[in-house]
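Numbering (our numbering), first residue to last: 780 to 889. Report on the structure given below.
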């Protein structure tokens, strides 16, 4: 899916769904639509420049309006994008170029 116009439309619809007053709609946006949109934004290199930026702007606006419920939902949405952000950062050429065969795996901190 490389159609950037369709991506923009889907992003807009997802952001509208996130702000819906129906809990089921907003939850579905976080758990179903957002992961799909995040994957798509990764392929288009839009994750940081578009999707996360728009969510952060929406969160800022919600906090200014004192929108407690909206702020919590937007924070949940942003948190759900963190694995995609890690993938985005880890797939940068300077990182991938340093991966060598036999490189030990990171140990668990638990």
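From the three backbone atoms N, C-alpha and C, an ideal C-beta is built for every residue, glycine too. Every value quoted in this text rests on a predicted model; they were computed, and no experiment measured them.
Residue nearest to residue i in terms of C-alpha spacing, selected from the options
{"i": "residue 856", "options": "870, 837, 868 and 866", "result": "837"}
{"i": "residue 833", "options": "871, 845, 854 and 785", "result": "854"}
{"i": "residue 870", "options": "826, 850, 815 and 791", "result": "826"}
{"i": "residue 863", "options": "845, 816 and 799", "result": "816"}
{"i": "residue 814", "options": "860, 882, 873 and 881", "result": "860"}
Euclidean distance between Cα positions of residue i and residue j
{"i": "residue 866", "j": "residue 822", "result": "11 Å"}
{"i": "residue 818", "j": "residue 868", "result": "14 Å"}
{"i": "residue 794", "j": "residue 847", "result": "17 Å"}
{"i": "residue 887", "j": "residue 875", "result": "21 Å"}
Cβ pair residue i, residue j closer than 8 Å
{"i": "residue 809", "j": "residue 842", "result": "no"}
{"i": "residue 797", "j": "residue 803", "result": "no"}
8 Å contact criterion, which residue i and residue j should meet: CB distance rounded
{"i": "residue 829", "j": "residue 791", "result": "Actually they are not in contact, since the Cβ atoms of residue 829 and residue 791 sit about 11 Å apart, beyond 8 Å."}
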